[in-house]
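Undergrad: First the structure, then my questions, so here it is.
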Amino acid sequence: MSDSRPIGIFDSGLGGISVVKAVMDILPHEHVVYFGDTARLPYGSKSPETVQRFSAQISAFLLEKNVKMIVVACNTASAVALKHLQSRFDIPIIGVIEPGAAAALHRPETLRVGVIGTTSTIGSGAYTRALKAINKNLNIQTQSCPLLVPLIEEGWQDIQIINAILRTYLHDFIANPPQSLILGCTHYPYLKNEIQNLLGSDVLLVDSGNATADVVKTILTRQEMLNHESGDLGMHQFYVSDFPQKFAEISERFLGKPLENLFRVELEVLESYLA
Ligand code: DGL
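Residues in the sequence shown are numbered from -9 upward in steps of one, following this note's numbering.
So this is what it looks like as structure tokens:
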């Protein structure tokens, strides 16, 4: 059995491209259609209802591109809109929360877990629920870090400022390090080294995006939906709702190379889905 339809992946912006990269690395023959809602970012400070509506519009757009599954690469959308999407659309749809939670408990002795994310993700309690579903006796501490996304998007390199902000947010984790810390936002893996330096090498830092790419492979393999037809590498198409300032710089940071096959979708077109 072979299914040559593309995998749909979306995020509030460009951060989810790191998930595309992880999928490309472990599933090089799969075609991918990515959507980054750059015109309406950030999702992290918006209401759940708004994020659900945006996520449903994007999913309808991706379905029109004939995707075989949808990966919600955005932690915020995964936290507040995943169930809404799963009940509305009839293809496999996965988010990054459950794979991230499972990866945080990879070491069986883990009892203390930290989670950092946007205000919406932390406020939703989604990571706490996913972790407790695996082990209800866990000690879980969460912290929203709203300044980190703009800091990374702006490409700030000043290590003293970065460390000062991280020290403020991570104060409790530094004083009493958890065994695992979930980097519950598309952007945070870009500060992995700085966070690891502050918390020490014993803390397992979990990139939910990478963990999710493994789950994509498991689902497609189990459901016999892998693409065996393309002898060559898969094709990757990128759609965005705007070209923001520093677009090239930011997207290159997330993909590690310039974006090709890049198209802009007018917001009015996107909004017409499910209107
Ligand atoms: N993609 C979002 C997330 O992972 C971060 C950016 C935003 O707030 O939209 O939560």
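The beta-carbon is built from N, C-alpha and C at its ideal position, and this holds for glycine as well.
#1: Quick check on DSSP: helix, strand or coil for I(-1)?
#2: My assumption, with CB atoms under 8 Å, is that Y345 sits in contact with I(-1). Please give the rounded CB distance.
#3: Between which residues of its own chain and P248 is the CB-CB distance below 8 Å, once the five residues before and five after are set aside?
#4: Quick check: what's the CA-CA separation for I48 versus L260?
#5: Quick one: what does DSSP say M225 is sitting in, helix, strand or coil?
#6: Looking only at C-alpha atoms, which of L128, P89, S170, A69 sits nearest to P38?
#7: Quick check: I142 and L160, are their CB atoms within less than 8 Å of each other?
#8: Which residues does DSSP pair with D192 in a beta bridge?
#9: Going straight from the alpha carbon of S134 to that of E219, what length do you get?
#10: Please report the residue range of the alpha helix (DSSP H) in which N153 lies.
#11: Is S2 near the ligand DGL, judged by its Cβ being under 7 Å from some heavy atom?
#12: For G115, is the beta carbon positioned less than 7 Å from some heavy atom of the ligand DGL?
#13: Using 8 Å for Cβ pairs, my map puts L156 next to L195. What's the rounded Cβ distance?
#14: Can you check whether the CB of H177 is closer than 8 Å to the CB of L138?
#15: For K55, collect the residues of the same chain with a Cβ closer than 7 Å to its Cβ; drop the 5 residues on either side in sequence, then sort them by chain order.
#16: Take S262 as the anchor and find which of F51, G85, D222, E250 has the nearest alpha-carbon.
#17: I'd like the span of the alpha helix (DSSP H) that includes R78, first residue to last.
#18: Assign F25 to one of three DSSP states: helix, strand, or coil.
#19: Closest to N200 by C-alpha separation, out of I106, G3, V10, would be which residue?
#20: I'd like to know whether the C-beta atoms of L53 and V62 end up nearer to each other than 8 Å.
#21: If you pair each beta-carbon of the segment 201 to 215 with each one of the segment 82 to 91, do three or more pairs fall below 8 Å?
#22: First and last residue of the beta strand (DSSP E) that includes V62?
#23: Does the distance from the C-beta atom of D197 to that of L171 stay below 8 Å?
#24: On the criterion of 16 or more Cβ atoms from any shown chain inside 10 Å, does L264 qualify as buried, or is it exposed?
#25: By DSSP, does Q133 sit in helix, in strand, or in coil?
#26: In whole angstroms, give me the CA-to-CA distance for Q42 and A116.
#27: Would you identify the three-state DSSP class for F253, choosing helix, strand or coil?
#28: Taking the alpha carbon of V206 as the reference point, which residue from H21, S2, M(-9) has its own alpha carbon closest?
#29: Is N65 close to the ligand DGL? I mean its beta-carbon at under 7 Å from any heavy atom of the ligand.
TA: Checking against the coordinates, here is how it stands:
#1: strand
#2: Since the first residue shown for the chain is -9 and the last is 265, residue 345 is missing from the structure and cannot be characterised.
#3: Answer for P248: A238, S241, E242, listed in chain order.
#4: 7 Å
#5: coil
#6: Distance check between P38 and each of L128, P89, S170, A69 places A69 closest, using alpha-carbon atoms only.
#7: no
#8: BP columns for D192 are empty, so no partner.
#9: 44 Å
#10: 149 to 159
#11: yes
#12: Of the heavy atoms belonging to the ligand DGL, none sits nearer than 7 Å to the Cβ of G115.
#13: At roughly 13 Å, the Cβ-Cβ gap does not stay under 8 Å, so L156 and L195 are not in contact.
#14: yes
#15: P(-4), G(-2), V23
#16: F51
#17: First-last of the alpha helix (DSSP H) with R78: 65 to 78.
#18: In the structure shown, F25 sits in a strand (DSSP, three-state: E or B).
#19: V10
#20: no
#21: yes
#22: 59 to 62
#23: no
#24: exposed
#25: strand
#26: 15 Å
#27: strand
#28: H21
#29: yes
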